[in-house]
Amino acid sequence: MINILVAEDYLFNQLILQRYFKKLDYSFVICNNGSDAVKELKQNNFDIVLMDIEMPIMGGIEAVTFIRTILDNEKKTIPILALTGHHDENYFKDLREIGFNDFILKPIDKEDLVRKINSYLNTGCSINNTEEIKQNNEINPECTVNMDYLNEFAQGDKEFINEMIGLFLEHVPDFIKNIKSSYEENDWEKLRYNAHKFSPQLAFFGLTPIIVDIDMIEDYAVKQLQIDGFEQIINKVEFNCNNAIQQLKEITI
Amino acid sequence: MKILVCDDDVLMLKAIEFKLKRDGYEVLVATNGRDASDLIRDDNDITLVVTDLLMPFFNGLELINFIKNDLQKNIPILVLSKIGLEETVLKAFELGADDYMVKPFSPNELTIRAKKLLMRK
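So the protein sequences, as listed, match chains A and B. If you read the first sequence in my numbering, its first letter stands for residue 1, the second for the next number, and so on. If you read the second sequence in my numbering, its first letter stands for residue 1001, the second for the next number, and so on.
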């Protein structure tokens, strides 16, 4: 189970996060300030930290600096996401320099929260190591094709289902190719377009974990945000799409 | 009744075409706004247009503008959109779109919305 440490002094945000984490079945500890969060992190193991910036006693910036410099090696590299209401590129850049990996904008959007957390953890389809992705040829159980949505359309018409699978198998490699090339060429508009178009296609086969990543790519492309690990997300999408292709090829109707 | 569906996503196009044909409509398809505008200009039997917004060449907004303002045709238009294009959807309504659905949508919702728009006409 994912274990999350939260440092947030604003009660409303604490309640929102609590509600989301309970629904997602995440385990969590919430602290009211940076100092308590550092103490908690020293004593217990967590997978990721969500850190507000302005808090009493010890703010987020001091807490992150402390974690990155003082704590032991295993704990000082933990992913830390800033909780912030500032929509400013320079501010985000400063946060990264201080030691935050990424940020979650307030008001907190559940989808954004899940995407960001998943992108830093080995959860669902998340695989952070590119080499591991290339070497692992087994089906990822979290990325299992689900035909429920397509069956809603098909109403038992097998020919239609086969036709849809054929179209999907034909078009996926092009989407992956276009997403990769537009990323390499820094062509944000093309990247956005391809991600935008790919997502509904994946929905026909219930490939939700890939959709989450594709939507994240689209979101970053719209905002023209270059983030750490962007290439890894694209590699992960490719890996999971190849898994899906493999599964669909094995489906005999 | 004849429905024109326009989407550059071939899977979405195929699924909508399949569903609407099952519902008993005659269906024409186009993968871009340019082809759709040619079909709508030349065919007076089209009673409903279902269109995506983000497309190459002639996009959905241009297509709606062409139908409602250039051709002055009173054909109902059902817009398809993905979350994140809310402003574009609003522009579509300003140009004369009649209804919209968010992708991915339930096939039954498509049936109901198409039926309602055709009844309104």
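Glycine included, each C-beta is placed from N, C-alpha and C at the ideal position.
Would you say Val64(A) and Ile117(A) are within 7 Å of each other, going by their C-beta atoms? For the purposes of this step, residue 64(A) is identified with residue 64 of the first sequence, where counting begins at 1. For the purposes of this step, residue 117(A) is identified with residue 117 of the first sequence, where counting begins at 1. In this structure, Ile117(A) does not lie closer than 7 Å to Val64(A) by Cβ.
By the 8 Å beta-carbon criterion, what residues does the segment 1028–1052 of chain B contribute toward chain A? none
Please give the ranges of any alpha helix (DSSP H) in the segment 56–93 of chain A, keeping only runs that are unbroken, at least 4 residues long and fully inside the region. 60–69, 73–76
Reference Ser1037(B); option with closest CA among Leu1061(B), Met1101(B), Leu1118(B): The residue labelled residue 1037(B) in the question sits at position 37 within the second sequence. Of the listed residues, the one whose Cα sits closest to Ser1037(B) is Leu1061(B).
Exposed or buried, Arg1120(B), counting other C-beta atoms within 10 Å across all chains shown (16 or more means buried)? Walking along the second sequence from the start, residue 1120(B) turns up at place 120. Answer is exposed; the Cβ neighbour count stays below 16.
For a cutoff of 7 Å on Cβ pairs, would you count Leu167(A) as touching chain B? The residue given as residue 167(A) occupies position 167 in the first sequence. Yes, Leu167(A) lies at the interface with chain B (some Cβ there is under 7 Å from its Cβ).
Where do the N-terminal and C-terminal ends of the beta strand (DSSP E) with Asn151(A) fall, by residue? The sequence position of residue 151(A) within the first sequence is 151, counting from 1. Per DSSP, Asn151(A) belongs to no beta strand (DSSP E); it is in the alpha helix (DSSP H), 148–154.
Under the assumption that Leu1011(B) contacts Phe168(A) (Cβ atoms under 8 Å), give the Cβ distance between them as a whole number of angstroms. Position 11 of the second sequence holds residue 1011(B). Position 168 of the first sequence holds residue 168(A). Sure, about 6 Å apart at Cβ, within 8 Å.
Suppose you measure from the CA of Glu231(A) to the CA of Thr69(A); what does that come to, to the nearest Å? Your numbering for residue 231(A) matches position 231 in the first sequence. Your numbering for residue 69(A) matches position 69 in the first sequence. Using only the alpha carbons, I get a separation of about 28 Å.
Excluding sequence positions up to five away, which residues of its chain have a Cβ less than 7 Å from the Cβ of Asp1035(B)? For this step, residue 1035(B) is matched to residue 35 along the second sequence. Around Asp1035(B): no qualifying Cβ.
Suppose contacts are defined by Cβ-Cβ distances below 7 Å. Is Leu1013(B) in contact with Leu1118(B) by that definition? Mapped onto the second sequence, residue 1013(B) falls at position 13. Mapped onto the second sequence, residue 1118(B) falls at position 118. Against a cut-off of 7 Å, the Cβ pair of Leu1118(B) and Leu1013(B) comes out as no contact.
Exposed unless 16 or more other CB atoms sit within 10 angstroms - verdict on Phe1058(B): As a first step, residue 1058(B) is located in the second sequence; it is residue number 58 there, counting from the start. Answer is buried; the Cβ neighbour count reaches 16.
Verify whether the separation of the beta carbon atoms of Tyr20(A) and Ile2(A) is less than 7 Å. By one-based count along the first sequence, residue 20(A) stands at place 20. By one-based count along the first sequence, residue 2(A) stands at place 2. Cβ distance not < 7 Å, so Tyr20(A) and Ile2(A) don't count as in contact.
Count the other CB atoms within 10 Å of the CB of Glu138(A); is the residue buried (16 or more) or exposed (fewer)? Residue 138(A) sits at position 138 when you count from the first residue of the first sequence. Unreliable positioning characterises Glu138(A) in this predicted model, as indicated by a pLDDT of 42, which lies under 50. The coordinate reading is nonetheless provided below. Exposed: under 16 other Cβ atoms inside 10 Å.
Could you say which of Lys1103(B), Pro1076(B), Glu1109(B), Tyr1100(B) lies nearest to Met1001(B) if we only look at CA atoms? Your numbering for residue 1001(B) matches position 1 in the second sequence. Looking at the Cα atoms, Pro1076(B) is the closest of the given residues.
Distance between beta carbons of Ile210(A) and Asn235(A), contact taken as under 8 Å: What you label residue 235(A) is simply residue 235 of the first sequence in a count that begins at 1. What you label residue 210(A) is simply residue 210 of the first sequence in a count that begins at 1. Actually they are not in contact, since the Cβ atoms of Asn235(A) and Ile210(A) sit about 12 Å apart, beyond 8 Å.
Can at least three beta-carbon pairs, one atom from the segment 1013–1022 of chain B and one from the segment 147–160 of chain A, be found at a separation below 8 Å? yes
May I ask you to check if the CB of Arg192(A) is nearer than 6 Å to at least one heavy atom of the ligand SAH? No copy of the ligand SAH appears in this structure; indeed no ligand is present at all.
For Ser27(A), report the span of its alpha helix (DSSP H) as first-last. Stepping through the first sequence from its first residue, residue 27(A) is reached at position 27. Counting along the chain, Ser27(A) falls outside any alpha helix (DSSP H), though it belongs to the beta strand (DSSP E) covering 27–31.
Does Phe66(A) pass the burial test, meaning 16 or more other C-beta atoms within 10 Å, or should it be called exposed? In the first sequence, the residue the question calls residue 66(A) occupies position 66. Buried.
First and last residue of the uninterrupted alpha helix (DSSP H) at Thr208(A): Along the first sequence, one-based indexing puts residue 208(A) at 208. Annotation: the continuous alpha helix (DSSP H) that includes Thr208(A) extends over 208–223.
Beta-bridge pairing of Leu1103(B) - partner residues as DSSP gives them: One-based indexing of the second sequence puts residue 1103(B) at position 103. Correcting the residue identity first, residue 1103(B) is Lys in this sequence and not Leu. DSSP, once it has assigned bridges, lists Lys1082(B) as partnering Lys1103(B).
According to the Cβ coordinates, are Phe204(A) and Tyr120(A) closer than 7 Å? For this step, residue 204(A) is matched to residue 204 along the first sequence. For this step, residue 120(A) is matched to residue 120 along the first sequence. In this structure, Tyr120(A) does not lie closer than 7 Å to Phe204(A) by Cβ.
For Ile1040(B), the first and last residue of its enclosing beta strand (DSSP E): The residue labelled residue 1040(B) in the question sits at position 40 within the second sequence. It is not in any beta strand (DSSP E) - Ile1040(B) instead sits in the alpha helix (DSSP H) that spans 1033–1042.
Could you tell me whether the Cβ of Gln224(A) comes closer than 7 Å to any Cβ of chain B? For the purposes of this step, residue 224(A) is taken as residue 224 along the first sequence, with counting starting at 1. By this cut-off, Gln224(A) is not an interface position.
Is there at least one Cβ from chain B nearer than 7 Å to Asp195(A)'s Cβ? Indexing the first sequence from 1 puts residue 195(A) at position 195. Note that residue 195(A) is Ala in the sequence shown, not Asp. No, no contact with chain B.
Contact residues within the segment 180–206 of chain A, judged by C-beta distance below 8 Å to chain B: Tyr193, His196, Lys197, Ser199, Pro200, Gln201, Ala203, Phe204
Which of the three DSSP states, helix, strand or coil, is assigned to Met1(A)? Indexing the first sequence from 1 puts residue 1(A) at position 1. Note: Met1(A) maps to coil in three-state DSSP.
Since Val172(A) contacts Ile245(A) with CB under 8 Å, what's their CB separation in whole angstroms? In the first sequence, the residue the question calls residue 172(A) occupies position 172. In the first sequence, the residue the question calls residue 245(A) occupies position 245. Their Cβ separation, rounded to whole angstroms, is 6 Å, which keeps Val172(A) and Ile245(A) in contact under 8 Å.
Given that a residue counts as buried once 16 or more other Cβ atoms are within 10 Å of its Cβ, and exposed if not, what is Ser1081(B)? Translated into positions along the second sequence, residue 1081(B) becomes position 81. Buried, by the Cβ-count rule.
If you count every other CB in all the chains shown that lies within 10 Å of the CB of Asp213(A), and 16 or more means buried, which is it? If you number the first sequence from 1, residue 213(A) lands on position 213. Asp213(A) should be labelled buried.
What does a CB cutoff of less than 8 Å around Arg1113(B) pick up in its chain, not counting 5 residues either side in sequence? Numbered from 1 along the second sequence, position 113 holds the residue referred to as residue 1113(B). Excluding sequence neighbours, Arg1113(B) sits near Leu1078, Asp1099, Met1101.
Cross-chain neighbours of Asp1009(B) in chain A, by beta carbon under 8 Å: Within the second sequence, the letter at position 9 stands for residue 1009(B). Per Cβ cutoff of 8 Å: Lys197, Pro200, Gln201.
If contacts are defined as beta-carbon pairs under 8 Å, then Leu207(A) and Val145(A) qualify, I think. What distance do you get, rounded to the angstrom? Residue 207(A) sits at position 207 when you count from the first residue of the first sequence. Residue 145(A) sits at position 145 when you count from the first residue of the first sequence. Going by Cβ atoms, the distance from Leu207(A) to Val145(A) rounds to 7 Å, so yes, they are a contact pair.
Give me the residue from Glu74(A), Asn151(A), Lys106(A), Ile251(A) with the minimum Cα distance to His86(A). For the purposes of this step, residue 86(A) is taken as residue 86 along the first sequence, with counting starting at 1. Closest option to His86(A), Cα to Cα, is Lys106(A).
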